[in-house]
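Below you'll find the structure, written out as structure tokens, and then a few comments.
Have a look at this one:
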């Protein structure tokens, strides 16, 4: 008798057939990242120097027509500190790039300490911004999960060239953390 519940209900009590939900066909390509022509996200979530100093990159690019947003997986990590960010700080065409921002999923205090270590005199003009909850990174669809290495979601290594508040070119490392396509010599060329 216990198995009666598994039998089909009589037709009089049957629910109407629901239409099957639309399925996304299989794609071997990953979800689309930020695209050329898209506006920089208008979010008050980035922080500079302290949690109370909010920065909105969409508004920053209203002040300056051109610039670069450099995304890094982790402040103080080897590739970020030795190769990636120094490639911008030391690049001879940095001044021609407009405003340059380094963004990482970290807190504002870590980003300030990192900026002070990499560019103690702040001569380069590069601004280091924290994305503490990863909201800006998610809005660009440039995050990846790395709990074993970084403890959670981090930004892929990328560089976005921005002109008039819109993305002019996208340079995202295919393996998320490499140092090839997002280096200053390729982005500022």
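Numbering (the working numbering), first residue to last: 194 to 382.
Every residue gets a Cβ at the ideal spot worked out from N, C-alpha and C, and that includes glycine.
Given the structure is predicted, the values throughout are model-derived calculations rather than measurements.
Would you report the Cα separation of residue i and residue j, rounded to the nearest angstrom?
i	j	result
residue 242	residue 367	30 Å
residue 252	residue 271	32 Å
residue 320	residue 308	8 Å
residue 383	residue 329	As displayed, the chain neither begins before 194 nor continues past 382, which places residue 383 out of reach and without an answer.
residue 257	residue 263	16 Å
residue 327	residue 312	24 Å
residue 290	residue 284	10 Å
residue 250	residue 244	16 Å
residue 281	residue 310	15 Å
Would DSSP call residue i helix, strand or coil?
i	result
residue 322	strand
residue 228	coil
residue 349	coil
residue 239	strand
residue 284	coil
residue 271	helix
residue 278	helix
residue 217	With a pLDDT of only 44 at residue 217, under 50, the local geometry of the prediction cannot be trusted, and the value read off the model is given with reservation. Residue state, collapsed to three classes: coil.
residue 339	strand
residue 328	helix
Compare the Cα-Cα distances from residue i to each of the options and report the closest residue.
i	options	result
residue 248	360, 239, 254 and 381	239
residue 295	265, 309, 306 and 315	265
residue 351	339, 358, 297 and 357	297
residue 261	267, 287, 246 and 275	287
residue 255	275, 273 and 232	232
residue 139	306, 334, 279 and 360	Outside the shown range of the chain, which is 194 to 382, sits residue 139, and nothing can be said about it.
Using the Cβ count rule (16 or more neighbours within 10 Å means buried), how would you classify residue i?
i	result
residue 237	exposed
residue 277	buried
residue 301	buried
residue 378	exposed
residue 382	exposed
Between residue i and residue j, which are expected to be in contact by the criterion C-beta below 8 Å, what is the C-beta distance as a whole number of angstroms?
i	j	result
residue 362	residue 229	6 Å
residue 353	residue 227	7 Å
residue 323	residue 303	7 Å
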